[in-house]
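Engineer: A single structure is presented below for examination.
2 protein chains.
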Amino acid sequence: MSLLVVGSVAYDGVETPHGKVERMLGGSCTYISLAASQFADVKLVGIVGEDFAPEDEGILVDHGIDLTGLEKVPGKTFFWSGAYSQNMNERTTLTTDLNVFADFNPNLPSLYQSAPYAFFGNIHPALQKQVRGQMKAPRFVGGDTMNFWIEGTREELRETIKDWDFILINDEEARLLSGDYNLRQAAKRIHEMGPHTVVIKRGEYGAVLFRPEGYFIAPGFLLESVFDPTGAGDSFAGGFMGYLAEQGIENIDQASHAHLRKAMIYGSVMGSFCCEQFGVGRLRTLNRDEIETRYKEFKEFTKF
Amino acid sequence: MSLLVVGSVAYDGVETPHGKVERMLGGSCTYISLAASQFADVKLVGIVGEDFAPEDEGILVDHGIDLTGLEKVPGKTFFWSGAYSQNMNERTTLTTDLNVFADFNPNLPSLYQSAPYAFFGNIHPALQKQVRGQMKAPRFVGGDTMNFWIEGTREELRETIKDWDFILINDEEARLLSGDYNLRQAAKRIHEMGPHTVVIKRGEYGAVLFRPEGYFIAPGFLLESVFDPTGAGDSFAGGFMGYLAEQGIENIDQASHAHLRKAMIYGSVMGSFCCEQFGVGRLRTLNRDEIETRYKEFKEFTKF
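From first to last, the protein sequence lines stand for chains W and S.
Each residue of the first sequence is one higher than the last, beginning at 1 in my numbering.
Each residue of the second sequence is one higher than the last, beginning at 1 in my numbering.
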């Protein structure tokens, strides 16, 4: 089943205790799409400049990602760089050059408009809403956001998420959006804003799925070594949404617990792989067998 | 089966965003013993002053805890007070009056010496070792420690844990003791120091059990409201060790995965109850039915 993925396609510079890469393929849309492509037919919606390299486009094409919706315009591709602390729990942004991304105003190609699923990466909520409005037969949609939009464009964000079936944000964002520190209370407040299903990511500790009737805790995988956490949350989103799209779920509100819990674990699996190499390195080479093996490991270290 | 619990019996003053209690029963030995008493025959080893109130002794007696090993000496009982931050993730110690605890030098009553199990709360490692030496037929023993001893008495601590079958410490302590930030690596280093089984507590995020052949992640219970986290880690220890003692496990190295995983969940269950009221309030009223109900909730929100 087709899944629209909307967000940033970028070049990233990343420094971690394991090394430094000056410039490599990145962006939320890239990570989400690559992770989701393991499960579903992904239709990417993004924008890049003239400097976007054929080999990077090739990575996306090799994963069967539909690039009809990737605009190429004069100018430079979005560039971000950041450095992680020694324990990798803190990240400092060094550069944010929006470049062509500043004028991103996504229009869905006609073949994209009938896609049943969409995931909106972290971009301006007005753009997320605008794309949602172009979908002709949505089954369900969801997305991510960040502190910047919660603080700066709260009303627009509230308008946008009213129409979302699920939202996938981290614990700090959930607290900021809801005004409640306790995660169960925060999830209730956010549920009242529109999304039936609320997924709260907790970094290395995993993620929690909240639905009106209960919750499910997915632990984080304990890696022997974390190379680069950039994109782990987006890879989680890709695994979660990709798996649900693969299953052809009609409606997330009525999806079975079994499906949603599996989606959470596939999300965690994809997030864990993402950290094993710099940038999209691990997502490039990953295959479904490796994913299923790690899924089984999750079963093994959680069952009692 | 009898379980020795060694540690501090104290009076605590606690301030959280939910209120303030000037003086109430506390101490690691108290929390561990009350939690473990739900499962096993607990023999307490501790020291109190003349101010130790009969009603507080009554709480312990009501839980069937053997107080033969509770010394009462002239002077005042250990007093500690602390205040929690708004989100309760940080705690500031306001007072530490060791009082009679400064001269604690535990001697096991003769009826205690044949107990098969022991858990050593966070006290000077030399005292932990000294008590271990008085046990005549230990099946397995384990304990806790803290940054203060890891930094100040590292060699004595290393000597002490050489003889432990398991150690139960938090993530910061595991990193400090092992010199490794990554938890899997840290657990390996600590395993090499002696303990076959390493349990690393991660506060609200739960705990991880490491054994040479693999690991198990127990998530933290998501409470709707955390009243007072004091004693949660000790209650975890009591639930974990109490359950293993109840099962009459011969040897923790050879204990089944099923038993150890259940012990982890009972630990988490006891830690979660502890936070629901100030001090030992919730542990006082708790019954086994409530424990089993919450155990089932853990199954419900983790299975997939």
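Built from N, CA and C at the ideal position, the CB exists for glycine as well.
Remember, it's a predicted structure, so these values are computed and weren't measured experimentally.
Using a C-beta to C-beta distance shorter than 8 Å, which residues of chain S count as neighbours of E224 (chain W)?
Structural biologist: Near E224 (chain W) (Cβ distances below 8 Å), the residues of chain S are N182, R184 and Q185.
Engineer: Residues in the segment 202–215 of chain W with C-beta within 8 Å of chain S's C-beta atoms, listed in sequence order?
Structural biologist: Cβ contacts with chain S come from R202, Y205, G206, V208, G214 and Y215.
Engineer: Counting only Cβ-Cβ distances shorter than 7 Å, please list the residues of the segment 258–284 of chain S near chain W, keeping chain order.
Structural biologist: Result list: R261, K262 and I265.
Engineer: Interface residues of chain S around I217 (chain W) at Cβ under 7 Å?
Structural biologist: Under the 7 Å cutoff, chain S gives P219, F301 and T302.
Engineer: Taking Cβ to Cβ, would you say F221 (chain S) is nearer than 8 Å to T16 (chain S)?
Structural biologist: Contact flag unset, no.
Engineer: Give the range of the alpha helix (DSSP H) segment to which D12 (chain W) is assigned.
Structural biologist: Per DSSP, D12 (chain W) belongs to no alpha helix (DSSP H); it is in the beta strand (DSSP E), A10 to T16.
Engineer: Please report the distance separating the alpha-carbon of M241 (chain S) from that of R91 (chain S).
Structural biologist: If you take the alpha carbons of M241 (chain S) and R91 (chain S), they lie about 26 Å apart.
Engineer: Please identify the residue among S:G194, S:S8 and S:N251 whose C-alpha is closest to the C-alpha of A102 (chain S).
Structural biologist: The shortest Cα separation from A102 (chain S) among S:G194, S:S8 and S:N251 belongs to S:S8.
Engineer: CA-CA distance, G231 (chain S) and R202 (chain S)?
Structural biologist: C-alpha separation (whole angstroms): 14 Å.
Engineer: Return the first residue and the last residue of the beta strand (DSSP E) that L25 (chain W) is part of.
Structural biologist: Element bounds for L25 (chain W): G19 to G26.
Engineer: Take every Cβ of the segment 292–299 of chain S, pair it with every Cβ of the segment 280–296 of chain W, and state whether three or more of those distances are shorter than 8 Å.
Structural biologist: Because the criterion of three Cβ pairs below 8 Å is not met, the segment 292–299 of chain S and the segment 280–296 of chain W do not touch.
Engineer: Which residue spans inside the segment 213–274 of chain W form an unbroken beta strand (DSSP E) run of at least 3?
Structural biologist: DSSP runs (the beta strand (DSSP E)) wholly in the segment 213–274 of chain W: 214–218.
Engineer: Where does V58 (chain W) sit, in a helix, a strand or coil, going by DSSP?
Structural biologist: Correcting the residue identity first, residue 58 (chain W) is Gly in this sequence and not Val. Looking at G58 (chain W) - three-state DSSP - the assignment turns out to be helix.
Engineer: Could you work out which residues of chain S lie near N170 (chain W), taking near to mean beta carbons separated by less than 7 Å?
Structural biologist: Ordered by position in chain S, no residue passes the 7 Å Cβ test against N170 (chain W), which lies about 14 Å from the chain.
Engineer: Tell me whether V131 (chain S) sits in a helix, a strand or coil according to DSSP, three-state version.
Structural biologist: Helix.
Engineer: Please report the residue range of the alpha helix (DSSP H) in which D97 (chain W) lies.
Structural biologist: Where D97 (chain W) is concerned, there is no enclosing alpha helix (DSSP H), although the beta strand (DSSP E) it sits in stretches over R91 to D97.
Engineer: Straight-line CA distance for F216 (chain W) to H257 (chain W)?
Structural biologist: For F216 (chain W) and H257 (chain W), the distance between alpha carbons rounds to 9 Å.
Engineer: For F278 (chain W), name the three-state secondary structure that DSSP assigns.
Structural biologist: If DSSP states are grouped into helix, strand and coil, F278 (chain W) belongs with coil.
Engineer: Hey, Y117 (chain S) and F140 (chain S): beta-carbon distance below 8 Å or not?
Structural biologist: For Y117 (chain S) and F140 (chain S), yes; Cβs fall inside 8 Å.
Engineer: Buried or exposed for D289 (chain S), going by 16 or more other Cβ atoms inside 10 Å?
Structural biologist: Exposed is the call here.
Engineer: What are the boundary residues of the alpha helix (DSSP H) that S2 (chain S) is part of?
Structural biologist: Per DSSP, S2 (chain S) belongs to no alpha helix (DSSP H); it is in the beta strand (DSSP E), S2 to V6.
Engineer: Mind checking if N147 (chain W) is an interface residue toward chain S, Cβ cutoff 8 Å exclusive?
Structural biologist: Judged by the 8 Å Cβ criterion, N147 (chain W) is not in contact with chain S.
Engineer: What does DSSP give as the partner residue(s) for K72 (chain W) in the beta ladder?
Structural biologist: Answer is W:V48, bridged to K72 (chain W).
Engineer: I'd like to know whether the C-beta atoms of G121 (chain S) and D144 (chain S) end up nearer to each other than 8 Å.
Structural biologist: Yes, these two residues count as a Cβ contact at 8 Å.
Engineer: If S28 (chain S) and D234 (chain S) are in contact, beta carbons under 8 Å, what's the gap, nearest whole angstrom?
Structural biologist: The pair is a contact, with the Cβ atoms about 5 Å apart (cut-off 8 Å).
Engineer: Can you tell which of S:I32, S:F52 and S:G49 has its C-alpha closest to the C-alpha of I65 (chain S)?
Structural biologist: The candidate whose alpha carbon is nearest that of I65 (chain S) is S:I32.
Engineer: On the DSSP bridge assignment, give the partners of Y117 (chain S) in chain order.
Structural biologist: Looking at the DSSP assignment, Y117 (chain S) forms a beta bridge with S:L3 and S:F140.
Engineer: So the alpha helix (DSSP H) I150 (chain W) belongs to, where does it begin and stop?
Structural biologist: It spans N147 to G152 - the alpha helix (DSSP H) in which I150 (chain W) sits, taken as one unbroken run.
Engineer: Would a check of beta-carbon distances place N339 (chain S) closer than 8 Å to chain W?
Structural biologist: In the structure as shown, chain S begins at 1 and stops at 304. Residue 339 (chain S) is therefore absent and cannot be evaluated.
Engineer: So that I know if they touch, is there some Cβ in chain C lying closer than 8 Å to that of H259 (chain S)?
Structural biologist: In the displayed structure, chain C is absent; the protein chains listed are W and S.
Engineer: Which value, in whole angstroms, describes the spacing of the CA atoms of N105 (chain S) and A187 (chain S)?
Structural biologist: If I take the Cα positions, the gap works out to 30 Å.
Engineer: DSSP beta-bridge partners for G82 (chain W)?
Structural biologist: In DSSP, G82 (chain W) forms a bridge with W:V14 and W:T93.
Engineer: What residue from W:I169, W:V42 and W:T95 has the CA that sits closest to Y359 (chain W)'s CA?
Structural biologist: One cannot answer for residue 359 (chain W) here, as it falls past the ends of chain W, which runs 1 to 304.
Engineer: How far does the beta strand (DSSP E) with F166 (chain W) in it extend, from its first residue to its last?
Structural biologist: That run of the beta strand (DSSP E) goes F166 to N170.
Engineer: Can you round the beta-carbon distance between L44 (chain W) and V5 (chain W) to whole angstroms, since I take them to be within the 8 Å contact cut?
Structural biologist: Sure, about 6 Å apart at Cβ, within 8 Å.
Engineer: By how many angstroms is the C-alpha of V48 (chain W) removed from the C-alpha of G75 (chain W)?
Structural biologist: The straight-line gap from Cα to Cα measures roughly 8 Å.
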